[in-house]
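Undergrad:
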Amino acid sequence: MSTVKPDTQSAAAADVRLQTVTGRIPVMDVQPVVLDGRFPAKAVVGEDIPVRATVFREGHDSVRATVRLLDPAGAEVQRVQMRPGRPGLDEVVATLRPAEPGLHQFVVEGWDDPVGSWKHAATVKIAAGIDVELMLAEGAALFRRAAEDAERSAEDRAVFEEVVRGLEDESLIPAQRLASAESAEVSAVLHARPVREHLTSSELYPLDVQRELAGRGAWYEFFPRSEGARFDEATGTWSSGTFATAARRLPAVARMGFQVAYLPPIHPIGTSHRKGPNNTLTAGPQDPGSPWAIGAPEGGHDAVHPDLGTVEDFEAFVAAAADAGLEVALDLALQCSPDHPWVAAHPEWFTTRVDGTIAYAENPPKKYQDIYPLNFDNDPDGLAQAVLDVVRGWVARGVHIFRVDNPHTKPLWFWEWLIAKVRAEEPRAVFLAEAFTRPAMMHALGKVGFQQSYGYFTWRNTAEELAEYLQEISHETPAFYRPNLFVNTPDILTEYLQHGGPGAFRIRAVVAAMASPLWGVYAGFELFEHVARPGAEEYIDNEKYEYRPRDWEGAEAAGASLAPYLTRLNEIRAAHPALGDLQNLTLHASTHPDLLVFSKTRSARPEGAHRDAEAVTDVGPAEDTLIVVVTTNPHDVVEATLDLDLEALRLRPEDRDASGAVEVEDLLTGQRWQWGRTPYVRLDPNVEPAHVLRVVRNG
Numbered sequence: 001m002s003t004v005k006p007d008t009q010s011a012a013a014a015d016v017r018l019q020t021v022t023g024r025i026p027v028m029d030v031q032p033v034v035l036d037g038r039f040p041a042k043a044v045v046g047e048d049i050p051v052r053a054t055v056f057r058e059g060h061d062s063v064r065a066t067v068r069l070l071d072p073a074g075a076e077v078q079r080v081q082m083r084p085g086r087p088g089l090d091e092v093v094a095t096l097r098p099a100e101p102g103l104h105q106f107v108v109e110g111w112d113d114p115v116g117s118w119k120h121a122a123t124v125k126i127a128a129g130i131d132v133e134l135m136l137a138e139g140a141a142l143f144r145r146a147a148e149d150a151e152r153s154a155e156d157r158a159v160f161e162e163v164v165r166g167l168e169d170e171s172l173i174p175a176q177r178l179a180s181a182e183s184a185e186v187s188a189v190l191h192a193r194p195v196r197e198h199l200t201s202s203e204l205y206p207l208d209v210q211r212e213l214a215g216r217g218a219w220y221e222f223f224p225r226s227e228g229a230r231f232d233e234a235t236g237t238w239s240s241g242t243f244a245t246a247a248r249r250l251p252a253v254a255r256m257g258f259q260v261a262y263l264p265p266i267h268p269i270g271t272s273h274r275k276g277p278n279n280t281l282t283a284g285p286q287d288p289g290s291p292w293a294i295g296a297p298e299g300g301h302d303a304v305h306p307d308l309g310t311v312e313d314f315e316a317f318v319a320a321a322a323d324a325g326l327e328v329a330l331d332l333a334l335q336c337s338p339d340h341p342w343v344a345a346h347p348e349w350f351t352t353r354v355d356g357t358i359a360y361a362e363n364p365p366k367k368y369q370d371i372y373p374l375n376f377d378n379d380p381d382g383l384a385q386a387v388l389d390v391v392r393g394w395v396a397r398g399v400h401i402f403r404v405d406n407p408h409t410k411p412l413w414f415w416e417w418l419i420a421k422v423r424a425e426e427p428r429a430v431f432l433a434e435a436f437t438r439p440a441m442m443h444a445l446g447k448v449g450f451q452q453s454y455g456y457f458t459w460r461n462t463a464e465e466l467a468e469y470l471q472e473i474s475h476e477t478p479a480f481y482r483p484n485l486f487v488n489t490p491d492i493l494t495e496y497l498q499h500g501g502p503g504a505f506r507i508r509a510v511v512a513a514m515a516s517p518l519w520g521v522y523a524g525f526e527l528f529e530h531v532a533r534p535g536a537e538e539y540i541d542n543e544k545y546e547y548r549p550r551d552w553e554g555a556e557a558a559g560a561s562l563a564p565y566l567t568r569l570n571e572i573r574a575a576h577p578a579l580g581d582l583q584n585l586t587l588h589a590s591t592h593p594d595l596l597v598f599s600k601t602r603s604a605r606p607e608g609a610h611r612d613a614e615a616v617t618d619v620g621p622a623e624d625t626l627i628v629v630v631t632t633n634p635h636d637v638v639e640a641t642l643d644l645d646l647e648a649l650r651l652r653p654e655d656r657d658a659s660g661a662v663e664v665e666d667l668l669t670g671q672r673w674q675w676g677r678t679p680y681v682r683l684d685p686n687v688e689p690a691h692v693l694r695v696v697r698n699g
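Structure below.
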């Protein structure tokens with residue numbers, strides 16, 4: 001940075017000022033920004049994106065800030081005046097709500113507010129009788145300059161000229177002259193189009209706005225081979241379910257309110273080292289093997305298992321899903337069985353040990369002898385191109401969502417390259433990272449392109465653990481990490497579900513469905529399946545290794561299914577926009593350690609108008625507010641008093657009754673109460689472990 005002598009002329013000083021980083025009004029610490037803007041922050045269409053920055057200046061004059069959202073073509077689509085954030089930190093905050101998909105940019109502008117500075121000084125001095133005429137004259141001069149701004153409308157200039165006349169009208173007392181600058185009409189003009197001087201802009205930062213299913217949605221996982229699978233008692237043999245029989249399950253999944261039907265791998269399964277029931281090392285002739293042991297003489301990642309049908313049958317399944325209002329998500333598992341065609345054609349794509357054998361997958365103490373991991377170091381270009389071709393093939397068959405198995409075992413550069421290539425060709429593509437690993441890798445996967453990720457939710461079970469985790473995912477990492485809160489998976493049956501009874505299943509579903517815009521269920525959860533294989537955190541008779549047909553209709557008819565409860569949760573999600581955002585979660589306190597309390601609020605209108613002209617700040621009422629109160633104790637009744645943060649609920653005076661209480665409606669039971677700051681609750685996990693409360697708005 002250059003320096004100048006004290007006697008440097010003003011022109012030279014201006015040149016030096018242009019070379020500085022800070023500019024006239026420092027704008028710093030802008031968020032959401034990922035790795036200094038090298039990767040875009042995440043957003044979905046219609047999502048409220050909190051923006052914050054530190055904006056200040058020397059001295060005591062008023063300084064304000066604006067955030068502007070630019071569409072992919074560079075046109076301004078939203079402009080929002082920022083408001084003060086945390087006191088004493090020079091923080092300013094605002095909310096953007098992008099309306100269209102595409103790679104947007106946003107910029108924070110800091111600016112001197114001469115009208116605000118003058119009003120403050122004039123109000124204090126005139127009331128004290130100090131420099132009265134001088135302050136009025138300075139105000140008149142300020143509004144006169146504003147009225148001479150040729151870029152302003154004739155209506156604005158007329159308003160400012162009227163202010164000048166009022167300030168200069170000596171027939172009025174000073175307080176009346178000052179009031180001419182504080183009328184509702186003047187305030188409206190200044191609110192919409194303030195007088196800005198010394199405008200200083202931050203860098204332009206990228207914001208990747210994607211379609212809704214990239215960041216919102218309810219997922220349902222099931223194995224197509226189990227749907228319609230039959231056991232012949234006479235011959236002792238199984239027949240596999242097919243895409244056609246699996247399609248019969250789709251309407252029921254849709255009726256429960258899910259949007260994504262996720263299928264584990266549907267490819268040919270190898271026979272070498274095939275695993276038997278419960279992960280035994282020896283498979284019988286009727287054991288179907290693990291779908292993740294991909295590859296056989298019939299084909300690899302680009303083929304479908306013959307037992308399921310043909311490629312045309314799969315395409316018909318995708319079409320049937322679309323007819324039911326579902327999208328199909330397909331597993332992308334970059335690993336091979338020893339029988340995969342790649343093993344013979346490209347041995348360099350695997351790791352060869354010193355004894356000449358190819359290394360199989362291990363996660364000590366677990367061993368997966370039926371799976372060979374891929375090695376991206378020997379022929380990175382060839383292997384990367386082969387995987388790209390596989391993904392392109394499934395996109396051509398109607399798949400736009402991929403759940404990626406163990407992405408943390410592949411290099412980051414590959415995912416950055418692959419996801420960018422696929423999304424450049426198909427912007428609707430969505431990638432979910434199944435990455436139960438260290439935070440640094442999980443977060444990095446999100447930064448390089450994964451729109452969603454599994455996370456630690458499965459193992460966060462106490463109220464304290466859940467509160468800490470929800471605070472992290474909603475306020476610390478959403479710029480790059482969007483968690484999909486799966487309540488269970490074929491690999492994960494936690495002790496909480498093993499021993500918590502039906503109440504535990506309801507509790508986990510409520511927290512996942514209400515806390516995150518993304519949540520998921522693996523089939524069998526609604527039947528309260530909870531028996532684990534001894535010594536393991538996974539289901540006995542695991543569906544990964546055998547057929548598992550279920551009597552869905554019989555269970556529901558007998559009242560032994562959680563499907564109606566899941567349906568109600570998804571109905572609530574669909575009806576309440578507040579549940580579609582991640583970053584609007586506020587935690588509340590209670591007197592019981594087993595109680596988790598949080599709220600979500602969303603305004604009906606965005607803060608800024610979406611138009612090309614200068615946009616006004618248009619803050620609408622908080623029309624959708626939900627309060628979730630859930631016990632995390634699946635065994636015992638919990639009684640407690642809450643301590644609600646009423647400011648976070650954004651209540652209006654008309655929402656309260658004479659005592660200051662607000663009406664709330666339980667969306668699970670239909671009950672209504674009048675709640676103040678410290679309501680009493682009693683939750684019985686064997687009856688109903690949660691309140692999901694809508695704040696009733698009046699007027």
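Each residue of the sequence shown is one higher than the one before, counting from 1 in UniProt numbering. Ideal placement from N, C-alpha and C gives every residue a C-beta, glycine not left out. Note that the coordinates shown come from a computational prediction; the quantities given were computed from them, not determined experimentally.
(1) Please go through the same chain and pick out, in chain order, the residues whose beta-carbon is closer than 7 Å to the beta-carbon of Ala574, but skip the five residues on each side of it.
(2) As a quick exercise: from Val132, Val108, Arg57, Arg216, pick the residue whose alpha carbon is nearest that of Gly46.
(3) What would DSSP say about Thr625, mapped onto helix, strand or coil?
(4) Where does Thr20 land, buried or exposed, given buried means 16+ other C-beta within 10 angstroms?
(5) Which full runs of the beta strand (DSSP E) of 3+ residues lie inside the stretch 258-327, going along the chain?
(6) With a cut-off of 8 Å on the beta carbons, I'd call Ser153 and Leu167 a contact; round off their distance for me.
(7) Please classify Ser337 as buried or exposed, where buried requires at least 16 other C-beta atoms within 10 Å of its C-beta.
(8) Among Ala504, Asp643, Asp581, Val638, which one has its Cα closest to the Cα of Thr625?
(9) Measuring CB to CB, does Val209 end up less than 7 Å from Ala73?
(10) Using a threshold of 7 Å, state whether the C-beta atoms of Gly503 and Pro380 are closer than that.
(11) Closest to Ile473 by CA distance: which of Met442, Val448, Thr462, His499 is it?
(12) For Ala41 and chain D, any beta-carbon pair shorter than 7 Å?
(13) If I follow the unbroken beta strand (DSSP E) through Pro50, where does it start and stop?
(14) Return the first residue and the last residue of the alpha helix (DSSP H) that Glu185 is part of.
(15) Within 10 angstroms of its Cβ, does Ser187 collect 16 or more other Cβ (buried), or is it exposed?
(16) At what residues does the beta strand (DSSP E) containing Asn363 begin and finish?
(17) Whole angstroms are fine: how far does the CA of Ala244 sit from the CA of Ala322?
(18) If you compare alpha carbons, which of Gly356, Ile269, Leu326 is closest to Val399?
(19) As a quick exercise: from Ala513, His273, Thr477, Leu134, pick the residue whose alpha carbon is nearest that of Pro50.
(20) Rounded to the nearest angstrom, what separates Ala345 and Asp389 at their Cα positions?
(21) Is it buried or exposed for Gln671, if we count other Cβ within 10 angstroms and need 16 for buried?
(22) Considering Ala65, what are the terminal residues of the beta strand (DSSP E) in which it resides?
(23) Going by CA-CA distance only, name the one from Pro206, Glu151, Lys125 that's closest to Gly139.
(24) Less than 7 Å between C-beta atoms, sequence neighbours within five positions excluded: which residues of the same chain meet that for Thr617?
(25) State the beta-bridge partners of Ala94 as determined by DSSP.
(26) Going by other Cβ atoms of all chains shown within 10 Å of its Cβ, with 16 needed for buried, is Pro679 buried or exposed?
(27) Within this structure, are the beta carbons of Gly289 and Arg274 separated by less than 7 Å?
(28) How many angstroms separate the CA atom of Arg650 from the CA atom of Ala361?
(29) In terms of residue numbering, what span does the alpha helix (DSSP H) encompassing Tyr539 cover?
(30) Is the Cβ-Cβ distance between Pro268 and Glu298 less than 7 Å?
(31) Under the DSSP definition of a beta bridge, which residues are partnered with Tyr522?
(32) Cutting at 6 Å between CB atoms, please list the residues of its own chain near Val531, excluding the five before and the five after it.
(33) Check whether the stretch 191-205 and the stretch 111-123 are in contact - that is, three or more C-beta pairs closer than 8 Å.
(34) Taking the DSSP output, what are the residues bridged to Asp694?
(35) Beta-carbon separation of Val253 and Ala247 under 7 Å?
(36) Let me check understanding here. Comparing Cα to Cα, which of Arg193, Tyr220, Gln286 lies closest to Trp238?
TA: Straight from the coordinates:
(1) Here residue 574 is taken as the residue at index 574 of the sequence shown, counted from 1. Result list for Ala574: Gly257, in chain order.
(2) Sequence index remark: in the sequence shown, residue 46 carries index 46 (1-based). The shortest Cα separation from Gly46 among Val132, Val108, Arg57, Arg216 belongs to Arg216.
(3) Within the sequence shown, residue 625 is the residue found at index 625, counting from 1. Looking at Thr625 - three-state DSSP - the assignment turns out to be strand.
(4) Here residue 20 refers to the residue found at position 20 when the sequence shown is read from its first residue. Classification of Thr20: exposed, given that the 10 Å Cβ count is below 16.
(5) Look at the stretch 258-327 and you find these whole runs of beta strand (DSSP E), each 3 residues long or longer: 260-263.
(6) Counting from 1 along the sequence shown, the entry for residue 153 is found at position 153. Counting from 1 along the sequence shown, the entry for residue 167 is found at position 167. Wrong, their Cβ atoms sit about 21 Å apart, outside the cutoff.
(7) As a first step, residue 337 is located in the sequence shown; it is residue number 337 there, counting from the start. So Ser337 ends up on the buried side.
(8) Locating residue 625 in the sequence shown gives position 625, counting from the first residue. Considering only alpha carbons, the answer is Asp581.
(9) Taking the sequence shown and counting its residues from 1, the one referred to as residue 209 is at position 209. Taking the sequence shown and counting its residues from 1, the one referred to as residue 73 is at position 73. No, they are not a contact pair.
(10) Locating residue 503 in the sequence shown gives position 503, where the first residue counts as 1. Locating residue 380 in the sequence shown gives position 380, where the first residue counts as 1. No. Outside cutoff.
(11) On the sequence shown, residue 473 is found 473 positions in, with the first residue counted as 1. Checking every option, the nearest Cα to that of Ile473 belongs to Met442.
(12) No chain D is part of this structure, which consists of one protein chain only.
(13) As a working mapping, residue 50 is identified with position 50 in the sequence shown. That run of the beta strand (DSSP E) goes 49-55.
(14) Counting from 1 along the sequence shown, the entry for residue 185 is found at position 185. 184-192 is the extent of the alpha helix (DSSP H) around Glu185.
(15) Taking the sequence shown and counting its residues from 1, the one referred to as residue 187 is at position 187. Around the beta carbon of Ser187, fewer than 16 other beta carbons sit within 10 angstroms, so the residue counts as exposed.
(16) As a first step, residue 363 is located in the sequence shown; it is residue number 363 there, counting from the start. Its beta strand (DSSP E) spans residues 361-363.
(17) Stepping through the sequence shown from its first residue, residue 322 is reached at position 322. Stepping through the sequence shown from its first residue, residue 244 is reached at position 244. Spanning the two alpha carbons is a distance of roughly 14 Å.
(18) One-based indexing of the sequence shown puts residue 399 at position 399. Looking from the CA of Val399, the closest CA among Gly356, Ile269, Leu326 belongs to Leu326.
(19) The sequence position of residue 50 within the sequence shown is 50, counting from 1. Of the listed residues, the one whose Cα sits closest to Pro50 is Thr477.
(20) The residue labelled residue 345 in the question sits at position 345 within the sequence shown. The residue labelled residue 389 in the question sits at position 389 within the sequence shown. The C-alpha of Asp389 is placed about 16 Å away from the C-alpha of Ala345.
(21) As a position in the sequence shown, residue 671 is number 671, starting the count at 1. Gln671 comes out exposed.
(22) As a first step, residue 65 must be located in the sequence shown, where it is residue number 65. Counting along the chain, the beta strand (DSSP E) containing Ala65 begins and ends at 63-70.
(23) Working through the sequence shown from its first residue, we reach residue 139 at position 139. Among Pro206, Glu151, Lys125, the Cα nearest to that of Gly139 belongs to Lys125.
(24) Reading the sequence shown from its first residue, position 617 is the one you call residue 617. Confidence at Thr617 is low in this model, with a pLDDT of 36, below 50, so its placement is unreliable and the value that follows should be read with caution. Here the set comprises Val80, Gln81, His191, Glu607, Gly608.
(25) The residue given as residue 94 occupies position 94 in the sequence shown. In DSSP, Ala94 forms a bridge with Val51.
(26) Reading the sequence shown from its first residue, position 679 is the one you call residue 679. When all chains shown are included, Pro679 counts as buried.
(27) As a first step, residue 289 is located in the sequence shown; it is residue number 289 there, counting from the start. As a first step, residue 274 is located in the sequence shown; it is residue number 274 there, counting from the start. In this structure, Arg274 lies closer than 7 Å to Gly289 by Cβ.
(28) Position 650 of the sequence shown, counted from the first residue, corresponds to residue 650. Position 361 of the sequence shown, counted from the first residue, corresponds to residue 361. In a straight line, the C-alpha of Arg650 is about 52 Å away from that of Ala361.
(29) The residue you call residue 539 lines up with position 539 of the sequence shown. Secondary structure note for Tyr539: it is in no alpha helix (DSSP H), with a DSSP letter that is neither H nor E.
(30) Counting from 1 along the sequence shown, the entry for residue 268 is found at position 268. Counting from 1 along the sequence shown, the entry for residue 298 is found at position 298. For Pro268 and Glu298, yes; Cβs fall inside 7 Å.
(31) Working through the sequence shown from its first residue, we reach residue 522 at position 522. Residue pairing of Tyr522 in beta bridges, as defined by DSSP: Glu221.
(32) The sequence position of residue 531 within the sequence shown is 531, counting from 1. Correct list, in chain order: Ile540.
(33) yes
(34) The residue labelled residue 694 in the question sits at position 694 within the sequence shown. The residue asked about is misnamed: residue 694 is Arg in this sequence, not Asp. According to DSSP, residue pairing for Arg694 in a beta bridge involves Leu626, Glu665.
(35) If you number the sequence shown from 1, residue 253 lands on position 253. If you number the sequence shown from 1, residue 247 lands on position 247. For Val253 and Ala247, no; Cβs fall outside 7 Å.
(36) As a working mapping, residue 238 is identified with position 238 in the sequence shown. It is Gln286.
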